[in-house]
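Going by our numbering, the sequence shown opens with residue 57, and the numbers climb by one from there.
Let me begin by presenting the structure, written as C-alpha cells, before commenting on it.
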Amino acid sequence: MKQLRRYLVASITTIGLMLTIIMAITITADPYHYFGTNWTGDYAGGERQLKLRNQRRYSHEGLLLGNSKIGYIDPTSLVGPRFFNAAFAGALPEEIYYYLRQSLNKQKLVVIGFDLEMFNEGLYPYRSEKEFVAQTQLSSIDQLIGWPVLRLSIKSLYRFLSGTPSHTNSNGMTNLEEAFKRDRQMKALQNDPRAVKPQLVVAYNNLYRGFRFSEKRLQVLQSIRMLLDEHNIKYVVLINPISHHVMTLIKAHNLGAALDRLRRELRRSFNNMHDFSRVALNRPATFFSFDPVHYKPSLGKELVNGALCDFANHSGGGLRNHFKQCPAKTTNKEP
Numbered sequence: 057m058k059q060l061r062r063y064l065v066a067s068i069t070t071i072g073l074m075l076t077i078i079m080a081i082t083i084t085a086d087p088y089h090y091f092g093t094n095w096t097g098d099y100a101g102g103e104r105q106l107k108l109r110n111q112r113r114y115s116h117e118g119l120l121l122g123n124s125k126i127g128y129i130d131p132t133s134l135v136g137p138r139f140f141n142a143a144f145a146g147a148l149p150e151e152i153y154y155y156l157r158q159s160l161n162k163q164k165l166v167v168i169g170f171d172l173e174m175f176n177e178g179l180y181p182y183r184s185e186k187e188f189v190a191q192t193q194l195s196s197i198d199q200l201i202g203w204p205v206l207r208l209s210i211k212s213l214y215r216f217l218s219g220t221p222s223h224t225n226s227n228g229m230t231n232l233e234e235a236f237k238r239d240r241q242m243k244a245l246q247n248d249p250r251a252v253k254p255q256l257v258v259a260y261n262n263l264y265r266g267f268r269f270s271e272k273r274l275q276v277l278q279s280i281r282m283l284l285d286e287h288n289i290k291y292v293v294l295i296n297p298i299s300h301h302v303m304t305l306i307k308a309h310n311l312g313a314a315l316d317r318l319r320r321e322l323r324r325s326f327n328n329m330h331d332f333s334r335v336a337l338n339r340p341a342t343f344f345s346f347d348p349v350h351y352k353p354s355l356g357k358e359l360v361n362g363a364l365c366d367f368a369n370h371s372g373g374g375l376r377n378h379f380k381q382c383p384a385k386t387t388n389k390e391p
C-alpha cells in the first residue's frame, strides 16, 4: 500500500512538473498571442489563426485579403485608410468569407485579390466553416498544453534564438528578408530554361493539377459581396498579375478558358473589379527570380494603389478624404 502511495505521489508530481514546463514554454512563446506574452515575434505557421489574433491588436480601417501574393504587400505603402494585411497562404474564397465573418468590425474598405488556382476544387477541396473555425479557434487548454501549440512554441523559441527573422510584421505583412535574399541568389537564372522548367512543374502540381472549376466558390463570391454590403463596407477586388512563364503554363494546359470565366464571374459579382492578370507579362523583373508565381511587393503596391485611387475617384464617396495622395483621375483597370 505504501509503495502504491509513493508511486502515485511520484507520478502526480512528475505529471505536474511536465505540465508546468509545457505551460511555461507555451506562455513564454505565445505563438498566437493568446496570452499577450509573446515578445519574440511571429513564427507560427498557422497564418489563419495568427492573422485573426493580430488583426484585433492592430488599429486599422481597411483590410487586405487574399493568398500569399497579397501577403507580400506592405499595407503602410498603400494610399487610403490604414490597412491590416490579413492575407494568408493558400487562401480559398470560402475561407476569405469565413475570415470576414469573424473579423469585420467597423472597417471602411476591404481589398481582395483572387487567382485562378483558388477555384481549383479538383486540387483544393471545398472547406466548411466548421473546419475553418476548428483551425482558427483553439480552447484555453489547447493553447496551454496542446501538442500543436507546444510544437509551434518550441519552434518559435528556436527560430528566435537562432536569429531567424519573424514570419510576419505587426501590420500583417509577410517578412520578405529571406525571399529577397533568394531572389538575389537566383537573379542570373531567372530566364534560364534549366531553372524555370522545374519551377513551373512545381507550380502546376501545386496549383493547377486536376483543375476543376468550383461552382460552390462562385456562389461564395456573391456571399462575400452581400456580407460587405450588409456591413456597409466598400470593396476593391482584383485578379493578381500573372508572369509570362505562368501564363504560358496556363495556356499549355488549356486553362485559358477557365481564366476568362474567372474574369467574367468576378465582374458579375463585384462592380469594382480590376483585372491585373495581364499587366506584367512583359515585366519579368517584377516577379521573384526563384518563383515565377509570386510578384514582388513593389508591383503589388503599384497596382493596388492604382485600384484604390480609381475607387476613390469613381466611387469613394465619404472615403474620398482618405485618398488625398491620389491624382484627380487614375485608372489601372484592364479591359
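Note that the Cβ used here is the ideal one computed from N, Cα and C, for glycine as well.
Rounded C-alpha distance that separates residue i from residue j
i: glutamate 395; j: phenylalanine 188; result: The requested residue 395 does not occur in the structure, where the chain is confined to residues 57 to 391.
i: histidine 378; j: arginine 207; result: 43 Å
i: phenylalanine 269; j: asparagine 176; result: 5 Å
i: phenylalanine 326; j: leucine 294; result: 10 Å
i: threonine 387; j: asparagine 369; result: A caution first: threonine 387 carries a pLDDT of 46, below 50, which makes its placement in the model too unreliable to give a value.
i: phenylalanine 140; j: histidine 116; result: 6 Å
i: histidine 330; j: leucine 165; result: 16 Å
i: asparagine 361; j: asparagine 288; result: 22 Å
i: proline 391; j: arginine 324; result: Per-residue confidence for proline 391 stands at a pLDDT of 44, beneath the threshold of 50, marking its modelled position as unreliable; the derived number appears in the next sentence. Spanning the two alpha carbons is a distance of roughly 14 Å.
i: serine 371; j: threonine 192; result: 34 Å
i: leucine 217; j: histidine 223; result: 14 Å
i: tyrosine 153; j: leucine 232; result: 26 Å
i: phenylalanine 343; j: leucine 375; result: 32 Å
i: isoleucine 71; j: glutamine 105; result: 29 Å
Nearest candidate by alpha-carbon position, reference residue i, set the options
i: arginine 320; options: Asn310, His301, Ser333, Phe346; result: Ser333
i: asparagine 225; options: Arg240, Arg113, Val302, Lys186; result: Arg113
i: leucine 277; options: Ile71, Glu151, Tyr180; result: Glu151
i: aspartate 130; options: Ala244, Leu108, Leu359, Ser159; result: Leu359
i: threonine 230; options: Gly136, Gln255, Ala142, Leu119; result: Ala142
i: leucine 160; options: Asn176, Lys352, Leu375, Gly118; result: Gly118
i: leucine 355; options: Gln105, Ala147, Leu134; result: Leu134
i: arginine 183; options: Asp239, Leu148, His350; result: Leu148
i: arginine 238; options: Ile71, Pro348, Leu217; result: Pro348
i: proline 181; options: Thr70, Asp316, Arg265; result: Arg265
i: glutamate 234; options: Lys352, Gln381, Leu106, Gln246; result: Lys352
i: lysine 380; options: Arg104, Thr70, Pro137; result: Pro137
Residue range of the beta strand (DSSP E) that includes residue i
i: methionine 329; result: 329 to 331
i: glycine 169; result: 165 to 170
i: phenylalanine 140; result: 139 to 141
i: leucine 245; result: First-last for leucine 245: undefined, no H or E at that position.
Whether residue i touches residue j by CB criterion (9 Å)
i: alanine 145; j: glycine 169; result: no
i: alanine 341; j: phenylalanine 267; result: no
i: leucine 283; j: lysine 290; result: no
i: histidine 309; j: tyrosine 260; result: yes
i: valine 335; j: proline 297; result: yes
i: lysine 125; j: histidine 350; result: yes
i: leucine 256; j: leucine 305; result: yes
i: leucine 245; j: serine 299; result: no
Where the alpha helix (DSSP H) through residue i begins and ends
i: leucine 359; result: 353 to 371
i: leucine 26; result: This structure gives no information on residue 26, because the portion of the chain shown stretches from 57 to 391.
i: phenylalanine 188; result: 185 to 192
Bridge partner(s) assigned by DSSP for residue i
i: tyrosine 291; result: Val166
i: glycine 102; result: DSSP, once it has assigned bridges, lists no residue as partnering glycine 102.
i: phenylalanine 343; result: Tyr351
i: phenylalanine 144; result: DSSP, once it has assigned bridges, lists no residue as partnering phenylalanine 144.
i: leucine 45; result: Residue coverage of the chain in this structure runs from 57 to 391, which leaves residue 45 outside it and unanswerable.
Heavy atom of the ligand ZN within 8 Å of residue i beta-carbon
i: histidine 350; result: Of ligands this structure carries none, so the ligand ZN is not represented either.
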